[in-house]
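Chemist: Its first residue numbered 12, the sequence shown is counted upward by one per residue in our numbering.
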Amino acid sequence: HLGMAALLVVAAAEDMQMTRLMARDSIDEPAARARISAQAPLADKLAAATWVIQNDHDEAHLAREVERVVAEVEAKFGPIRVPGAAHRDRVTGRNTRVIKTTLVTGFPAFSAKRMIEKLLVTEPETKLYVLAQQQFADDAAKQFGSRAEILVGDICDMDLGLSSVEYRALSRELSWIHHLAGIYWMGIDEKTARNVNVTGTRTVIDLARDSPRLERVVHWSTAMVSGDRRGTFYEEDLEAGQKFHNAYERTKFEAEKLVRAAMHKLPITILRPGIIVGDSKTGEIDKLDGPYYLITLIATNMSGMRLPLLGRAEAPLHLVPIDYVVEAAWQIARRDDTAGKTFHLVDPAPMRARDVFDAVAEYAHTEKPRGHIPRPIARAVLRTPGLSRLGRGPLALVDVLDHPVHYDQTNTARALAGTPVQCPALADYLPVLVQYVLDITKSPIRPSSEDIADPLDRG
12 HLGMAALLVV
22 AAAEDMQMTR
32 LMARDSIDEP
42 AARARISAQA
52 PLADKLAAAT
62 WVIQNDHDEA
72 HLAREVERVV
82 AEVEAKFGPI
92 RVPGAAHRDR
102 VTGRNTRVIK
112 TTLVTGFPAF
122 SAKRMIEKLL
132 VTEPETKLYV
142 LAQQQFADDA
152 AKQFGSRAEI
162 LVGDICDMDL
172 GLSSVEYRAL
182 SRELSWIHHL
192 AGIYWMGIDE
202 KTARNVNVTG
212 TRTVIDLARD
222 SPRLERVVHW
232 STAMVSGDRR
242 GTFYEEDLEA
252 GQKFHNAYER
262 TKFEAEKLVR
272 AAMHKLPITI
282 LRPGIIVGDS
292 KTGEIDKLDG
302 PYYLITLIAT
312 NMSGMRLPLL
322 GRAEAPLHLV
332 PIDYVVEAAW
342 QIARRDDTAG
352 KTFHLVDPAP
362 MRARDVFDAV
372 AEYAHTEKPR
382 GHIPRPIARA
392 VLRTPGLSRL
402 GRGPLALVDV
412 LDHPVHYDQT
422 NTARALAGTP
432 VQCPALADYL
442 PVLVQYVLDI
452 TKSPIRPSSE
462 DIADPLDRG
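#1: Using only CA atoms, which one of V367, V288, F354, T293 lies nearest to P327?
#2: Given that a residue counts as buried once 16 or more other Cβ atoms are within 10 Å of its Cβ, and exposed if not, what is T243?
#3: Indicate whether D286 and L330 have their beta-carbon atoms separated by less than 8 Å.
#4: Could you check the C-alpha separation between K483 and P387 for me, to the nearest Å?
#5: For the region 187–201 and the region 121–130, state whether three or more C-beta atom pairs, one from each stretch, are separated by less than 8 Å.
#6: On a Cα-Cα basis, can you pick out the residue from K379, L57, K352 that is closest to E247?
#7: Count the other C-beta atoms from every protein chain shown that fall within 10 angstroms of the C-beta of H414, then say buried if there are 16 or more, exposed otherwise.
#8: Closest to G164 by C-alpha separation, out of A148, P52, W231, R179, would be which residue?
#9: Report, in whole angstroms, the separation of the C-beta atoms of A543 and A364, which I expect to be a contact under 8 Å.
#10: Among residues of its own chain, excluding the 5 on either side of S291, which ones have a beta-carbon nearer than 7 Å to its beta-carbon?
#11: Helix, strand or coil for E250? Go by DSSP, reduced to three states.
#12: Starting from the C-beta of Q144, find all residues in its chain whose C-beta is less than 6 Å away, skip the five residues before and the five after it, and write them out in chain order.
#13: Count the other C-beta atoms from every protein chain shown that fall within 10 angstroms of the C-beta of H72, then say buried if there are 16 or more, exposed otherwise.
#14: Are the Cβ atoms of L185 and L225 separated by less than 8 Å?
#15: Look at the alpha carbon of A273 and the alpha carbon of N208, and state the distance between them as a whole number of angstroms.
#16: Can at least three beta-carbon pairs, one atom from the region 296–310 and one from the region 256–275, be found at a separation below 8 Å?
#17: Between L427 and T349, what straight-line distance do the alpha-carbon atoms span, to the nearest angstrom?
#18: Using DSSP with H/G/I as helix, E/B as strand and the rest coil, what is P94?
#19: Quick check on the DSSP output: the alpha helix (DSSP H) that includes K56 runs from which residue to which?
#20: Which full runs of the beta strand (DSSP E) of 3+ residues lie inside the region 302–347, going along the chain?
#21: Assign V229 to one of three DSSP states: helix, strand, or coil.
#22: Could you tell me the alpha carbon to alpha carbon distance between E177 and I281, rounded to whole angstroms?
#23: Based on Cα-Cα distance, which residue from I343, H256, R227, A43 lies nearest to M238?
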């Protein structure tokens, strides 16, 4: 708060705070009490305050104090506008309703689609904009209809590829941004990854700076910014001397550096999901890439052969289901105290990679993997001319299977305390993921153009 232009402190009794927190955030009494205990002492707040309103239980005096402070705040910063609340126009005297306006980037990526659906269901009064490239605009319009307004543009272009009129209109009313656009394929080439992940993020930050009503930017990063870091990687960590296995990790890291640098002036929340897999209840996923290369190969292996794994696969595999990621993201982002912080959205007890693939074979009734191709040999084979382009995705997977890292999630645990949102154990929903793969895969996966990244897919 010390970085703000001004600070207003309204002191309330602890029982009043408890009641408000429990009702507003749907948390129980212990969680509310813990949150209050974690606040800065009142004396510290008063020392830093620009304005203080003391409640002496004289309602007339309190009303005058509130009116005085409101007048001073509006004289300094302009009219106070609370999204979703009535605001009295000082000229007409009429109450006008100020609607929360949210922009979501990243369509048609699976995570963006799921986040858009979440916002449409839980925030029906929010005015929702969806940024989509020209070739995806019709799909977005068909999927969301009148529930969302589709903006045809591109995060890689100046002003998001919008006309100057569109851009100014958007920036004037925008209050929230969910920035999900980016290249999520670990085998992507450097040029494409940098253009989308870094340049695109810079464009979104510029939009945030141009938006006077902005309340929050939710930047969807990835836990993979840890690169080759071993041991525990904390939510506050970013530049930890790590190197990177591929362009995906490196450019997501560079994008997050841009976001971190903007945090001192913008209300930003950073989310770092692990490797996102299908819905824990339905198994639904849009692409069989990443860990699905091996899941599909093992689940559809009807040869009777016991296939070797790529690398020793002794490291934890940080898989996380899309439904948990979206629910956690919504709960975390809506809290006032999560701006300026980073959150790992990962499985708190990830399974060892080898155990995951053994379980896949068990659920699919196929042969379990046996042995492994040493990592250097696997990397060399996948880099062979003729296989190198096809093998970029599996090559990136080799590094994941043999990389022992633990992601601390102190911030996430604290933010979700008292809510029903928790990451399910992989062992409980892995059968659902496997069944979904079996249902949509009628024969073993063969190399196809779908295994090669589409540079125009900026989900």
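Where a beta carbon is used, it is the ideal one built from N, C-alpha and C, also for glycine. If you're wondering where the values come from, they're calculated on a predicted model, not measured in any experiment.
Modeler: Here's the rundown:
#1: Sequence index remark: in the sequence shown, residue 327 carries index 316 (1-based). That would be V367, whose Cα lies nearest to the Cα of P327.
#2: Residue mapping note: residue 243 aligns to position 232 of the sequence shown, counting from 1. Exposed, by the Cβ-count rule.
#3: Residue mapping note: residue 286 aligns to position 275 of the sequence shown, counting from 1. Residue mapping note: residue 330 aligns to position 319 of the sequence shown, counting from 1. As written in the sequence, residue 286 is Ile, which differs from the Asp given in the question. At a Cβ-Cβ threshold of 8 Å, I286 and L330 count as neighbours.
#4: Residue coverage of the chain in this structure runs from 12 to 470, which leaves residue 483 outside it and unanswerable.
#5: The region 187–201 makes contact with the region 121–130: 3 or more CB pairs, one atom from each, lie closer than 8 Å.
#6: Locating residue 247 in the sequence shown gives position 236, where the first residue counts as 1. Minimum Cα distance to E247 is reached at K352.
#7: Indexing the sequence shown from 1 puts residue 414 at position 403. Per the 10 Å Cβ criterion, buried.
#8: Indexing the sequence shown from 1 puts residue 164 at position 153. Of A148, P52, W231, R179, the residue nearest in Cα terms is A148.
#9: Summary: the structure shown does not reach residue 543, with the chain confined to residues 12 through 470, and so no result is reported for it.
#10: Start at 1 with the first residue of the sequence shown, and residue 291 comes out as number 280. Contacts found: P332, D334, Y335, P435, Y440, V443.
#11: Along the sequence shown, one-based indexing puts residue 250 at 239. When DSSP states are grouped into helix, strand and coil, E250 belongs to the coil group.
#12: The residue you call residue 144 lines up with position 133 of the sequence shown. These residues qualify, in order along the chain: D165.
#13: Working through the sequence shown from its first residue, we reach residue 72 at position 61. Looking at its Cβ environment, which holds fewer than 16 other Cβ atoms inside 10 Å, H72 is exposed.
#14: Counted from its first residue, the sequence shown places residue 185 at position 174. Counted from its first residue, the sequence shown places residue 225 at position 214. Contact check for L185 against L225 passes: the beta carbons are separated by less than 8 Å.
#15: Counted from its first residue, the sequence shown places residue 273 at position 262. Counted from its first residue, the sequence shown places residue 208 at position 197. Between A273 and N208, the alpha-carbon positions lie close to 16 Å from each other.
#16: No, the region 296–310 is not in contact with the region 256–275.
#17: Counted from its first residue, the sequence shown places residue 427 at position 416. Counted from its first residue, the sequence shown places residue 349 at position 338. Taking the straight line from one Cα to the other gives about 11 Å.
#18: The residue given as residue 94 occupies position 83 in the sequence shown. With a pLDDT of 42 at P94, under the threshold of 50, the modelled position of that residue is not reliable, and no figure is offered here.
#19: For this step, residue 56 is matched to residue 45 along the sequence shown. DSSP places K56 in the uninterrupted alpha helix (DSSP H) bounded by 53–59.
#20: Correct list: 330–332.
#21: As a first step, residue 229 must be located in the sequence shown, where it is residue number 218. Of the three classes helix, strand and coil, the one that applies to V229 here is strand, per DSSP.
#22: Looking up residue 177 in the sequence shown gives position 166. Looking up residue 281 in the sequence shown gives position 270. E177 and I281 have their C-alpha atoms spaced approximately 27 Å apart.
#23: On the sequence shown, position 227 is the one that residue 238 refers to. Residue identity differs from the one stated: residue 238 is Gly in this sequence, not Met. When C-alpha distances from G238 are compared across I343, H256, R227, A43, the shortest belongs to H256.
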